[in-house]
Every structure is written in structure tokens, then in C-alpha cells.
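Line by line, the protein sequences give chains A and B. Every letter in the first sequence is one number past the one before it in this note's numbering, and letter 163, counting from 1, is 163. Every letter in the second sequence is one number past the one before it in this note's numbering, and letter 54, counting from 1, is 1054. Glycine included, C-beta positions come from ideal geometry on N, C-alpha and C.
Number of protein chains: 2
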Amino acid sequence: MLDLHAVLDGQRLALTRLLTQIENQTEAGQHALAELFPHTGRAHLIGVTGAPGTGKSSLVNQLALGYRKTEAPKKVAILAVDPSSPFTGGAVLGDRIRMAALSGDAGVFIRSMATRGSLGGLAHATAGMVQAFDAAGYEIILIETVGAGQSEVDIARLAHTTLVVEAPGLGDDIQAIKAGILEIADILVVNKADRPGVETTERALRSMLQLAHPVAHVFRHHGQALDVQATAPESEALWLPPIQRTVAADGQGVPELLAYIAAHRVHLEASGDLARRERARLAAELDQRLQDALVEHWRAGAQAGELEQALDALLARQLSPQEAVQRLLNGRKG
Amino acid sequence: MLDLHAVLDGQRLALTRLLTQIENQTEAGQHALAELFPHTGRAHLIGVTGAPGTGKSSLVNQLALGYRKTEAPKKVAILAVDPSSPFTGGAVLGDRIRMAALSGDAGVFIRSMATRGSLGGLAHATAGMVQAFDAAGYEIILIETVGAGQSEVDIARLAHTTLVVEAPGLGDDIQAIKAGILEIADILVVNKADRPGVETTERALRSMLQLAHPVAHVFRHHGQALDVQATAPESEALWLPPIQRTVAADGQGVPELLAYIAAHRVHLEASGDLARRERARLAAELDQRLQDALVEHWRAGAQAGELEQALDALLARQLSPQEAVQRLLNGRKG
């Protein structure tokens, strides 16, 4: 049994068990999340994303250390999500090892998660784990992702503040990635800033930022997962993503980065963006859960072999996929 | 109006128009796909994926040239999908320019597509465009993707033969990416093989292959999108992914790579894997379409403001997402 009082009380073992249930998407995990939901909504969710080789993990470590080393240390959770490893789950092991420096601190909780298979599964499990950390009283939740693609966009949609990490000299195609990812960035970080080429990288980012803003900035709140009416007018004060150089290896630039994160939080609250993002986030979750429930409901009422027969007809090119769906749905209306 | 006879007849302008309708997910596009479906199922779908900086685009160009320069040239379509650019759609422009060398050839059709927003949207549109190319008589369809993540896995699920491209010296985190992506590879390519470090890269790939196979190989057909009973027994003959060095810049290794692709096609047919992959592919499409239709059907019957009210209750933490979904679904049963 999951002990939810122990989770709310901040007991690590209870939280660990809960996270496993959430990752495995069990009934018990879902039930626990429903129970814990009223206790969520307090944490600051910070997404950290960027291409491989930028040193994201070290930077996340430094941020966590920063939050611990202030006069009023905050409880910090690190969730390292690896969408690039759909089968083995072994790829994030390196991150775990690198974070050993933090593991003796009772105010820090580190969890890695590889993709569990289904397309929506990762976003689902990530959202659930973030809620669990939130309910357990972690004030700062750092969500780190590897790779470049849709998963980053999903994480950004989950986070309040999104850091996009770059580094000098990562090869010629890197430019192509930046274009898309820049538009989800609240703060840009040029890590490994002691390497040659840092000026070039920063200059490229700055010129791409000018292309991307302000239009892209204003419109990015209109997330497409929300069929709920978009309620976001233009922000009263625009946030223009700052660029901060860091050297995660020795902590250089990290205090300044922490200050930018704090400033972004203030901006979110003052502009009303925080409420809008919260609403968008919950709307996306509701949307996804509704979709899952509808499919489950349909399946529960499906006749044995119904789907197989439709599939056979597709393979024989007797039906198009569109016609097959019509047939499967119509059978249900009688 | 879309002229489907012109599409089936191989007329480029008609195909271009159709592709735009599919990309924009219009009714007309969906209707056309349903009509064209009986004419699909003949093309060889080849996925080409890998991290940024590996020279995928140049390699795809070379493969296309290779298929054109034989005694019996094949019609080749190139679909360059960029999941990393969810907003601007500008990132693949570079690829378009690089492929200009092929653009004078009437037997080659090149199309780029950036993410259209929704998580499932890209996979949806990609599958539709591949069907259009297939119906229009393109015998080889090269599907190129940028980045590393779930989108690659989706593309691999779509393709008959998946090439994973690596290159020497792409940075320290690259190892982490390989782990997941290796397991979707039918053929591994070490491109830029004239660069230093090629032996190291190839050795690393070889040792990772040994870890990944044969177990991962046998199980990868059990795609999780298929709720249709998995019908795949172990393949009679296992395909162990070969590693081929190439230098796309001058075409070195490309004839050997083409031979491996042809050999994989023969393996797919002889082992029964082709039929299994086709079935899995269509099952995934059916699954997705059924899901979309169910959600659409629910929305059509939703009361005005029903979803908004549920969302308000979520924001106030009066309901959990789980309870909200229950309420939304129960209202429908009366």
C-alpha cells in the first residue's frame, strides 16, 4: 500500500514507492495522484533542455546546489527524463552517477526516467511525477530532458520556466535545432563558456532571438493541446529571454542564472502568465486523460476480433483507414 | 479540387497540392487519402535518422542519386521531417537547398515538413504523405528526420528499413543517444568516415550492438501502439544490423549501403517481417484514427462550457483530473 500521509510528510521511501507506481502507470499510482492533487500547485517547475553535449546534467547539479546553499535552502527535486531510450532505459545512468555529489543531501531528491514506450506515456508519467514531488513539498522541481524534439516541447509546456542550454562548437547542424527550440526558451544558457567559439554561439543566439521575438513570444501560449478556449491576451509586459554564459564544471555564471530564474518567476506572477500557464498545463492534462478514458471505454465495449477484422480489411485494401474507423464507431451506436 | 487521377498518373503539380492538403490536415486531404488507399502498399519505405551533425541530408541525396543512376531507375520521393521546429518551419530550409542537385530530375520528388504543432500531428501527416507518394507511384520513399527522440521511433515504426546514421567525434553525450536509437536500426551507417575517430565510433557501435541483440531485435515488433493482438513470433532468420562506413560528400560507401538496403528488403520478404511490419503500421494508424474519432465524437456532444467548468474546478483544486474525467464521461451516459 502507498502511504500518502508519509508522502505529504516528506518521507523519502514513501515518495520513492509512489514514483515507481506513477512511472509504471499503475492503478494505485493513479489513485494516489488523485488523492494528492489538492496538495499540488506550489512548486516552481523549471525545465532544462538542449542538445546532447551541452552539459545540461552538470548545470542542473549546479542549480540544485545553488538552491541548497542559500540562507533559506529550498527542497529540490531533479527529474531527468530521457526520451531517446525507448527500450533499454539505461541511457540516463550516467546522469545518476554524475549527480552523486548531491545524493547525501536530504533536501534533494533525484530521479531518472527513460521512455516507457508509448508516445504519450512519457509526458503522462512526467506530469504525474512532478505532481508527486510538488505534493511532497519540493519547492523547486528541475526537469531535465535529453535530445531535441517534441519531448522538449512537451516538457516546456509542463514547466513554468524553461532553460535552453547551448554550448560552443557542437557541429554544423546545431543551428537547425536552435530555430525550433529557441521559441520555447525563457532563458538561454551558453554553457561551457570557457571553450573557444563562445562569442560566435552567443551572437548566433542573439540574432535568432531577434527573429523569433516578439511575435513568437506572444503566440506560444496558444498551445494546440488545448481545445479549451485560449484565454491568453498579449502579456502586459513581454519577457525577452536573456542569454547567460555558464561554466557548469566550476559553477561560473550559476548565481546570475539563478537570479534570472527568480526574475522570471516574478515576471510570471506580475504579468498573469503564471495563471495562464497553470491553466494551459491542467487543460492539456485533462485533454489527455479524457482521450485515454474515451479509448478505454470504447475498448471495453468492443466485440472480440472487431479490431482484427478491420485490420484484415485494411491489409487487403478493401477498406481505407477512414472507412474502417467509421465502421468501428457505427457498430457502437446501435 | 484535388485531381486524384492526376496524382495516380504521377503529375507533380497535383501531388504537390495533395501534399499541402495532407500537411494541413484538411477534410479534402483526408478524403483524398481514403480514395487513394487501395493504390498504396507498393513502395519501399526507408527511414534515415540520427543525431544532428551526422550528415544525414547529404547521405539521403546520395541514396536518391544511387536509385536514379541504375539501369532501371526507380522513382524516388524524399520526405524530410523536422520535429525540432514546432513553430517556425524554417529549419529544414537548409536541406532543401542542399538537395538542389536532384531537383531537375523528374523522377525525384523532394518535400520538407516541420512539425505542425500537436504531438500526434507530425506522425499523422508523415504517414499521410507517405501514402500519397506511394499511390503516386514512387517506389522508394526516403523519410529523413532530424533530432533524437520519440519522433525517430515513430518514423522507424512507419518505415520498412531504418538507417541510423552516426559520425565520428560528435561529443560526449552522443553515447547516451545511441543506446535507444540502436534498437530501431536495421542498418547502421558511420558517415563522414574520412574523419579521425571513425574506428572508435565503429567499435562503440559494434559493442553496443552486441548488447542490444538478439533479444531487443526479436521484441521490437511488439509495438505498444498496437492493442491488436501481437501476432509476431520470433523471426525465422534474425537480421543482425550491419555497419557501413560512408562519405556522403563524395559518395564513398553508398553502393554498398544500397546493397544492404536491398538485402534487408529481401530479408523482410523471406522472413515474413514485411507482412508483420505492414500489419503493425496499419494497426497503429487505425488506433490513432479511432482515438481521434472518439474524441471528436465526444466533443460534438459536449455541452457549452462543460470543459471550461471542469478546468476551473481543477485550478481551484476542488476536483482531481481523474475525478474531472469521470464527471465529463458520466454526463454523457444519461
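If you draw a straight line from the Cα of residue 123 of chain A to the Cα of residue 1070 of chain B, it is about 46 Å long.
Put simply, the stretch 10–18 of chain A does not touch the stretch 237–255 of chain A. Fewer than three CB pairs are less than 8 Å apart.
Around the C-beta of residue 1281 of chain B, 16 or more other C-beta atoms lie within 10 Å, and the residue is accordingly described as buried.
Taking a cut-off of 8 Å for Cβ pairs, the stretch 39–56 of chain A and the stretch 160–170 of chain A touch, as three or more such pairs fall below it.
When rounded, the separation of the alpha-carbon atoms in residue 64 of chain A and residue 1144 of chain B is 38 Å. Ranked by Cα distance from residue 1007 of chain B, the options B:1110, B:1072, B:1061 and B:1132 are led by B:1132.
From the beta-carbon of residue 1320 of chain B, the residues of chain A found nearer than 8 Å are 33, 34, 35, 37 and 38.
At a cut-off of 8 Å between beta-carbon atoms, residue 1041 of chain B makes contact with chain A. Annotated three-state conformation of residue 324 of chain A is helix, per DSSP.
Taken through DSSP and simplified to helix, strand or coil, residue 22 of chain A comes out as helix.
Burial state of residue 103 of chain A is exposed, judged by a 10 Å Cβ sphere holding fewer than 16 other Cβ atoms.
The beta carbon of residue 45 of chain A sits closer than 7 Å to the beta carbons of 130, 141, 143, 158, 159 and 160 from its chain, once the five residues preceding and following it are set aside; these are given in chain order. For residue 1111 of chain B, the closest of B:1264, B:1296 and B:1020 by C-alpha to C-alpha distance is B:1020. Counting the other CB atoms within 10 Å of its CB gives residue 1201 of chain B a total of 16 or more, which places it among the buried residues. Per DSSP, residue 1277 of chain B is one residue of the alpha helix (DSSP H) stretching across 1273–1300.
Within the stretch 45–61 of chain A, the residues whose Cβ lies closer than 9 Å to some Cβ of chain B are 51, 52, 53, 54, 55, 56 and 57, listed in chain order. Under a 10 Å Cβ-count criterion, residue 1318 of chain B is classified as exposed, with fewer than 16 other Cβ atoms of the shown protein chains found around its own Cβ. DSSP places residue 1045 of chain B inside the beta strand (DSSP E), whose first and last residues are 1044–1050. For residue 1125 of chain B, the closest of B:1198, B:1138, B:1027 and B:1108 by C-alpha to C-alpha distance is B:1027. Closer than 8 Å to the CB of residue 1289 of chain B there is at least one CB belonging to chain A. Spanning the alpha carbons of residue 52 of chain A and residue 310 of chain A requires a straight line of approximately 42 Å. DSSP lists A:247 as the beta-bridge partner residues of residue 252 of chain A. Excluding the 5 residues flanking it on each side, residue 22 of chain A has same chain C-beta neighbours closer than 7 Å at 29, 33, 125, 128, 129 and 132, in chain order. For residue 1324 of chain B, the chain A residues whose C-beta falls within less than 7 Å of its own C-beta are 286, listed in chain order.
In the pairwise beta carbon analysis, the stretch 1184–1197 of chain B is classified as touching the stretch 1251–1263 of chain B: at least three pairs are separated by under 8 Å. At a cut-off of 8 Å between C-beta atoms, residue 1027 of chain B does not count as an interface residue with respect to chain A.
At least 8 Å separates the CB of residue 1239 of chain B from every CB of chain A.
At a Cβ-Cβ threshold of 8 Å, residue 35 of chain A and residue 79 of chain A do not count as neighbours. B:1135 is the residue among B:1135, B:1074 and B:1108 whose C-alpha sits nearest the C-alpha of residue 1018 of chain B. Taking the CA atoms as reference points, residue 209 of chain A sits about 41 Å from residue 1206 of chain B.
In chain order, 1294 and 1329 make up the part of chain B whose C-beta sits under 9 Å from the C-beta of residue 297 of chain A. For residue 1 of chain A, the secondary structure class from DSSP, reduced to helix, strand or coil, is coil.
The Cβ atoms of residue 328 of chain A and residue 1290 of chain B lie closer than 8 Å to each other. Taking CB atoms only, residue 1278 of chain B has a neighbour in chain A less than 8 Å away. The three-state reading of DSSP puts residue 184 of chain A in helix, counting H, G and I together.
Against chain B, the CB of residue 206 of chain A has no partner CB under 8 Å away; the residue lies outside that interface.
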